[in-house]
Every structure is written in C-alpha cells, then in structure tokens.
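K.L.:
Numbering (the UniProt record's numbering), first residue to last: 1 to 224. The beta-carbon is built from N, C-alpha and C at its ideal position, and this holds for glycine as well.
(1) Going by DSSP in three states, residue 199 sits in which element: helix, strand or coil?
(2) Which residue wins for smallest C-alpha separation from residue 195, given the options 135, 90, 151, 111?
(3) What does the Cβ neighbour count give for residue 161, buried or exposed, with the cut at 16 atoms within 10 Å?
(4) Can you find the residues in the same chain that come closer than 8 Å, C-beta to C-beta, to residue 60, ignoring five residues on each side of it along the sequence?
(5) To the nearest angstrom, how far is the alpha carbon of residue 29 from that of residue 18?
(6) Looking at the secondary structure, which residues open and close the alpha helix (DSSP H) in which residue 51 lies?
(7) Residue 4 by DSSP, collapsed to three states: which one?
(8) Is the separation between the beta-carbon of residue 136 and that of residue 147 shorter than 8 Å?
(9) Run through the DSSP bridge pairs and tell me what residue 125 is partnered with.
(10) To which residues of the same chain is residue 12 closer than 6 Å at the C-beta, ignoring the five residues directly before and after it?
(11) Is residue 115 near residue 168, with beta carbons less than 8 Å apart?
(12) Based on Cα-Cα distance, which residue from 41, 4, 183, 110 lies nearest to residue 51?
(13) Can you round the beta-carbon distance between residue 189 and residue 8 to whole angstroms, since I take them to be within the 8 Å contact cut?
(14) Considering just the uninterrupted stretch of the beta strand (DSSP E) at residue 99, what are its terminal residues?
(15) Identify whether residue 231 lies in helix, strand or coil by the three-state DSSP scheme.
(16) What separation, rounded to the nearest whole angstrom, lies between the Cα atoms of residue 142 and residue 180?
(17) Excluding the five sequence neighbours on either side, which residues of its own chain have a C-beta within less than 6 Å of the C-beta of residue 14, listed in chain order?
(18) Give the secondary structure of residue 153 by DSSP, where H, G and I count as helix, E and B as strand, and everything else as coil.
(19) Can you tell which of 138, 64, 110, 79 has its C-alpha closest to the C-alpha of residue 182?
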C-alpha cells in the first residue's frame, strides 16, 4: 500500500511517501521519499512539496492507495491547509483519507515507558499530550507551559525554544517532529475513512467584526 502522509499542524511542513508493503503491517513500512521543512508558508509550499516527493520516489498521484493527514492540535490556518488538501486529493483520486492526532504520530517515534509531547500553541501556551506504554492517557490539551498536569516522564519532546518553560521532569529532553512514518503508524489503515476532525482546542484568532450602529441619516425601513 502506497500512502501519502501530510502534516501542517506544527512549524514543520511534513510530506512523505510510505510503502507499507503488500498489506497494512506497519512493521514493513518503507519511506520512499520525505520532506520535513520548517516554514511559515505551508499554504504555498504544500502542493509543490507533494509534487517533489512523488517525483523523487518515481511515483505519480495515480499510484497512491491512501492518504494520512495530521489533524492537530495546531493553529486554525495550518490545520486547514493540510486537511483541506488531503481531502481534495482523496476526492480527486477516489482513495481513503485517514486523520490522526499529530502528537500521536510523534509519540510513535519515541521508545519509552512514558512520554510527553508538547508543541508551540503561541500566545504563551503549548499543546500537549501524555503517553504511557505508547498509549495516550491524557490530552491533547492546551495550556501555559507551567500548567501541564504531569510531573515526570521518561522522555519530554518539546521544541528547544520552549524546553526551559516546562516544569515537567524528564530523563531525556528532545524534539520529535511528526514524520511520515509516524503519521502512518498512528493511522488505522484497515478502517474505513471517516470525516476529518480538526483539533483546534481553542477558538480561531479571527473573529467577526462587531455590527456598526445604523447611521441616523438612514431612514427606517417602515418609513420607506
């Protein structure tokens, strides 16, 4: 099964092509090509990056069997780019699209009894999720770095610029960005695809403008 993996929930634009072999046994996954790029231009870079990854692997859109996309947590604009593009690809190609929690994808890359994954939520907050023996036991949630209700883990995955803001004790501090193989491992490729559900965790920054009072110079509708 040839799977296109996409994630736009973090500062990294993640695109990759993963061959799961003749079935969906993830133990046989092979990453044929990938791109993990730190950028703010997810919208402009996503489709050209998918094109480049397919070309590097010597494959075309018609070769794809499924798509996996990270559904956050992440910012409204970033998630919309990846999820809308994945949905459009899936509809155009007639193949299933599977959504996964982005933090779940990162956790599959870490072999530890307990892990905490944290990413930048801006506004002096972080998105976080806690894992024990590979299973998510709390989160994803959003809060201030010092307010995460987890005291100690074996591995803390957090971007370097946020590491000293967290009070969680850890034997190892690293940053496991979501990668194509992690996204595919986090997906249940044997299940039927379902509607994608974004994990915004808070309201978008954009708000509707407040209605302006009617000018007294305008006649009342009953007067017309």
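P.N.:
According to the structure shown:
(1) Within the chain shown, numbered from 1, the residue matching residue 199 stands at position 199. Assigned with DSSP and collapsed to three states, residue 199 falls in coil, not helix or strand.
(2) Position 195 of the chain shown, counted from the start, is the residue given in the question as residue 195. That would be 90, whose Cα lies nearest to the Cα of residue 195.
(3) Walking along the chain shown from the start, residue 161 turns up at place 161. It counts as exposed.
(4) Position 60 of the chain shown holds residue 60. Around residue 60, the same chain offers 54 as residues with beta carbons nearer than 8 Å, after the five sequence neighbours per side are excluded.
(5) In the chain shown, residue 29 corresponds to position 29, counting from 1. In the chain shown, residue 18 corresponds to position 18, counting from 1. Residue 29 and residue 18 have their C-alpha atoms spaced approximately 6 Å apart.
(6) In the chain shown, counting from the first residue as 1, residue 51 sits at position 51. Bounds of the alpha helix (DSSP H) holding residue 51 are 42 to 57.
(7) The residue given as residue 4 occupies position 4 in the chain shown. Three-state DSSP puts residue 4 in a strand.
(8) As a working note, residue 136 is residue 136 in the chain shown. As a working note, residue 147 is residue 147 in the chain shown. With respect to residue 147, residue 136 sits apart: the two C-beta atoms are not nearer than 8 Å.
(9) Looking up residue 125 in the chain shown gives position 125. Answer is 122, bridged to residue 125.
(10) Taking the first residue of the chain shown as 1, we reach residue 12 at position 12. Within the same chain, residue 12 has close Cβ partners 36, 38, 177.
(11) Here residue 115 refers to the residue found at position 115 of the chain shown. Here residue 168 refers to the residue found at position 168 of the chain shown. Against a cut-off of 8 Å, the Cβ pair of residue 168 and residue 115 comes out as no contact.
(12) Numbered from 1 along the chain shown, position 51 holds the residue referred to as residue 51. Comparing Cα positions, the closest option is 4.
(13) On the chain shown, residue 189 is found 189 positions in, with the first residue counted as 1. On the chain shown, residue 8 is found 8 positions in, with the first residue counted as 1. About 20 Å separates the Cβ atoms of residue 189 and residue 8, ruling out a contact at the 8 Å cut-off.
(14) Looking up residue 99 in the chain shown gives position 99. Annotation: the continuous beta strand (DSSP E) that includes residue 99 extends over 97 to 100.
(15) Nothing about residue 231 can be read from this structure; the chain reaches only from 1 to 224.
(16) Taking the chain shown and counting its residues from 1, the one referred to as residue 142 is at position 142. Taking the chain shown and counting its residues from 1, the one referred to as residue 180 is at position 180. Going from the Cα of residue 142 to the Cα of residue 180 covers about 24 Å.
(17) Residue numbering aside, residue 14 sits at position 14 when the chain shown is read from its first letter. Hits under 6 Å: 7, 36, 178.
(18) Locating residue 153 in the chain shown gives position 153, where the first residue counts as 1. Looking at residue 153 - three-state DSSP - the assignment turns out to be strand.
(19) Within the chain shown, numbered from 1, the residue matching residue 182 stands at position 182. Nearest of 138, 64, 110, 79 to residue 182, Cα basis: 110.
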